[in-house]
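*Asks:*
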Amino acid sequence: MDYLEKQLICPICLEIFTKPVVILPCQHNLCRKCANDIFQASNPYLPTRGGTVTSGGRFRCPSCRHEVVLDRHGVYGLQRNLLVENIIDMYKQEPSSRPAPERKADQPLCEVHQDEKINIYCLTCAVPTCSMCKVFGSHKDCEVAPIKSVYQLQKTELTDGIAMMVGNNNRIQGIISQLEETCRAIEHWRGLQHIPIGESGVWL
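As numbered in the numbering used here, residues 4 to 207 make up the sequence shown, in order.
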């Protein structure tokens, strides 16, 4: 993952921002859907319409814990970061940056937050989990990483381990071949000791 892509990763879903992208007063960015998710989790008793909180409330920025106070428009009152949205559009136009489409069957859902897909890996507990578990659940004090990054890291480590084993096996086979050659040379030398010199019948 290059530097630009890291800057375009939402701290909640840990994927490239999904438009619309909103900017918080602390200057951190969130997908508006992710902002709404943590807002609803922080304000469970506020009235909603269509799954969106429609009145004022507050929540904390997941990046710096700065308190964000919203007006009566809720998350829709947050300013959109059009610059980031434009950068995302340009980034996605690059062929190398287009991820292969994922099937729904390949996206398991969290058992605790059943609408959230498992997209992060808890390094502390060594288990896959979802973003909401990190923000509000049992993993909020744990160290986590994007599950794709952990997969790539473990895949690389496994590949390197296999390559090392193959290399060690090749070296061992080389040593065995050298030992076999040495044994053959010793047997040949021992055979020469029984050859008489001239007619004296003297043995080496």
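We put the CB at the ideal spot given by N, CA and C, even for glycine.
1. Excluding the 5 residues flanking residue 139 on each side, which residues of the same chain have their C-beta closer than 7 Å to its C-beta?
2. Under 6 Å Cβ to Cβ from residue 125, same chain only, skipping five residues before and after it: list those, please.
3. Using only alpha-carbon positions, find the residue among 151, 153, 118 and 27 that is nearest to residue 136.
4. Within a Cβ cutoff of 6 Å, which residues of the same chain sit near residue 17, ignoring the five residues on either side of it in sequence?
5. Within 10 angstroms of its Cβ, does residue 10 collect 16 or more other Cβ (buried), or is it exposed?
6. On the three-pair Cβ rule with 8 Å, is the stretch 68-81 touching the stretch 22-39?
7. What did DSSP end up calling residue 126 once you bin it into helix, strand or coil?
8. Assuming residue 26 is part of the beta strand (DSSP E), what are its boundary residues?
9. Relative to the C-alpha of residue 29, which residue among 68, 60, 12 and 8 is closest?
10. Here's the rule I'm using: 16 or more other beta-carbon atoms within 10 Å means buried, otherwise exposed. How should residue 40 be labelled?
11. Can you tell me where the beta strand (DSSP E) holding residue 62 begins and where it ends?
12. Whose C-beta lies closer than 8 Å to the C-beta of residue 106 among residues of the same chain, with five residues either side of it excluded?
13. Which of helix, strand or coil does DSSP assign to residue 86?
14. Could you tell me whether any non-hydrogen atom of the ligand FMN is closer than 8 Å to the CB of residue 14?
15. Using a Cβ-Cβ cutoff of less than 6 Å, which residues in the same chain neighbour residue 160 once the five nearest sequence positions on both sides are dropped?
16. Counting only the same chain and skipping the five closest in sequence on each side, list residues whose C-beta sits under 6 Å from that of residue 26.
17. Buried or exposed: residue 189, going by 16 or more other Cβ atoms within 10 Å of its Cβ?
18. Return the first residue and the last residue of the alpha helix (DSSP H) that residue 169 is part of.
*Replies:* On the basis of the supplied data:
1. If we look at residue 139 and ignore the five residues flanking it on each side, its Cβ neighbours are 44.
2. Excluding residues within five positions, the ones whose Cβ falls inside 6 Å are 132, 142, 145 and 147.
3. Answer by Cα proximity: 118.
4. Around residue 17: 122, 123 and 149.
5. Residue 10 is exposed by the Cβ-count criterion.
6. Remark: three or more beta-carbon pairs, one from each stretch, lie closer than 8 Å, so the stretch 68-81 and the stretch 22-39 are flagged as touching.
7. Coil at residue 126, not helix or strand.
8. Residue 26: member of the beta strand (DSSP E) spanning 24-26, first to last residue.
9. Selected option, being the one with the closest Cα: 68.
10. Looking at its Cβ environment, which holds 16 or more other Cβ atoms inside 10 Å, residue 40 is buried.
11. For residue 62, the enclosing beta strand (DSSP E) has its first and last residue at 60-63.
12. Confidence in residue 106 is poor, its pLDDT being 47 and thus under 50, which makes the residue's placement unreliable; the coordinate value appears in the next sentence. Result list for residue 106: empty, nothing under 8 Å.
13. In the three-state DSSP reduction, residue 86 falls in the helix class (H, G or I).
14. As for the ligand FMN, it is missing from this structure, which has no ligand bound.
15. Cβ neighbours of residue 160 beyond the five flanking positions: none.
16. Correct list, in chain order: 32, 82 and 84.
17. Taking a 10 Å sphere around the C-beta of residue 189, we find fewer than 16 other C-beta atoms and assign the residue as exposed.
18. It spans 150-195 - the alpha helix (DSSP H) in which residue 169 sits, taken as one unbroken run.
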